[in-house]
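**Q** Let me give you the structure first, and then I'll get to my questions.
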Ligand code: SF4
């Protein structure tokens, strides 16, 4: 789909001319926005400190800002004192985590993205139907750990590549279903799904796509601008799955891409003297980091900035009732 370019500014300068194409949509998705608001509202409601199990979203800038407001990030629940509230991250948690919080009478708020929760419910239903689940995802990612923790051990198997599909050894291949992590590469996942369907023709597919709207839209936006770009800068954390996928998408189109956390990470030698640079940001990267990167480019180039509006996003997720009603009271 073509994008609608909108020129934002055209400063005059003796510096080399550089067109900066900013992908849209980019940056915060509705799930990240909601998770951050949940921590902010929990701080308002309970006062500081509020504990957060794991990084609320995969972005250091976001985590540091919330820390400065009074959030304390911990790896495990046993680091949370009995008298303080705890928030679970947007990636979702195994069932054992809220169960352990309840056993200790802890106050907890679950910031799991509703689109991740939807995958959790799908997994439970498939197990109730007596199916074994093949889960397409990345080993060790918190979302994968959370989804595996919704169902009995041994009832779900991780598949990361087409090669994994070929090597699967299953005791019973008659009652299979597959689900996917929400932040995967659309193209890679399609290839794995095709391999699954080839090897297990009766495998049950999810009713609708599990790769979330934000992941798909950000990848499509990169595909739309990449053919015009000499270099692509992807703003996001090295442990952010959806950000890593954006860099891969650009590279596959033949555009050298770098994942950077902020402007200070720009490798000027690698960047060289391009005519056009694309910029995008993963779903957990705030817009302020995009502006910092553009400002850094302005120190060396005469920047002509265009926002490449590709797909409009209007998704908003409801906040947990206990936090919103308390605020309205
Ligand atoms: S990337 Fe998708 S699944 Fe993850 S928090 Fe955002 S909307 Fe939810």
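Residue numbers (the working numbering): 4 to 332.
All residues carry an ideal CB built from backbone N, CA and C; glycine is no exception.
The structure presented is a predicted model; accordingly, all values stated were derived computationally and were not measured.
Can you tell me where the beta strand (DSSP E) with residue 283 in it begins and where it stops?
**A** 279-284
**Q** With which residues is residue 260 paired in a DSSP beta bridge?
**A** Paired residues: 235.
**Q** Okay, do the stretch 85-93 and the stretch 34-48 touch, 3+ Cβ pairs below 8 Å being the bar?
**A** yes
**Q** Considering only residues of the stretch 34-103, which uninterrupted alpha helix (DSSP H) runs meet the minimum length of 4 residues and lie entirely inside it, listed in chain order?
**A** 63-72
**Q** Please confirm whether any heavy atom of the ligand SF4 lies closer than 7 Å to the CB of residue 33.
**A** yes
**Q** Taking 8 Å as the cut-off, decide whether the C-beta atoms of residue 282 and residue 35 are in contact.
**A** In this structure, the beta-carbon distance from residue 282 to residue 35 does not fall below 8 Å.
**Q** Is residue 114 helix, strand or coil by DSSP?
**A** coil
**Q** Considering only the alpha carbon of each residue, which of 235, 244, 312 and 141 lies closest to residue 258?
**A** 235
**Q** Alpha carbon to alpha carbon, how far is residue 38 from residue 114?
**A** Distance from the CA of residue 38 to the CA of residue 114, rounded to the nearest whole angstrom, comes to 5 Å.
**Q** Using 8 Å as the threshold, is the C-beta distance between residue 179 and residue 221 below it?
**A** The Cβ-Cβ distance between residue 179 and residue 221 does not fall below 8 Å.
**Q** Using CA atoms only, rank isn't needed, just tell me which of 28, 18, 20 and 19 is closest to residue 310.
**A** 28
**Q** Quick one: any contact between the stretch 318-330 and the stretch 111-126, if contact means 3 or more CB pairs under 8 Å?
**A** yes
**Q** Let me know the secondary structure DSSP gives residue 200 once reduced to three states.
**A** Three-state DSSP puts residue 200 in a helix.
**Q** Can you tell me which of 216, 245 and 280 puts its alpha carbon nearest to the alpha carbon of residue 60?
**A** 245
**Q** Give the secondary structure of residue 304 by DSSP, where H, G and I count as helix, E and B as strand, and everything else as coil.
**A** coil
**Q** Once you ignore the five residues that flank residue 332 on each side, which residues in its own chain have a CB closer than 6 Å to its CB?
**A** At residue 332, the pLDDT of 47 sits below 50, so the modelled position is not reliable; the number obtained from the coordinates is stated separately. So the list is empty, once near-sequence residues are dropped.
**Q** Quick one: Cα of residue 292 to Cα of residue 265, how far?
**A** Separation of residue 292 and residue 265 (C-alpha to C-alpha, rounded to the nearest whole angstrom) is 6 Å.
**Q** Only counting the same chain, and skipping five residues up and downstream in sequence, which positions put a Cβ closer than 6 Å to that of residue 75?
**A** So the list reads 52 and 54, once near-sequence residues are dropped.
**Q** Just curious, the alpha helix (DSSP H) that residue 150 is in, first and last residue?
**A** Element bounds for residue 150: 145-151.
**Q** Please report the straight-line C-alpha distance between residue 106 and residue 100, rounded to a whole angstrom.
**A** 10 Å
**Q** For residue 160, which beta-bridge partners are listed by DSSP?
**A** 137
**Q** Which value, in whole angstroms, describes the spacing of the CA atoms of residue 196 and residue 229?
**A** 26 Å
**Q** With a threshold of 6 Å on Cβ separation, who are the neighbours of residue 82 within its own chain once the five nearest residues in sequence on each side are excluded?
**A** none
**Q** Exposed or buried, what is residue 302 when buried is set at 16 or more other beta-carbons lying within 10 Å of its beta-carbon?
**A** With fewer than 16 Cβ atoms within 10 Å of its Cβ, residue 302 is classed as exposed.
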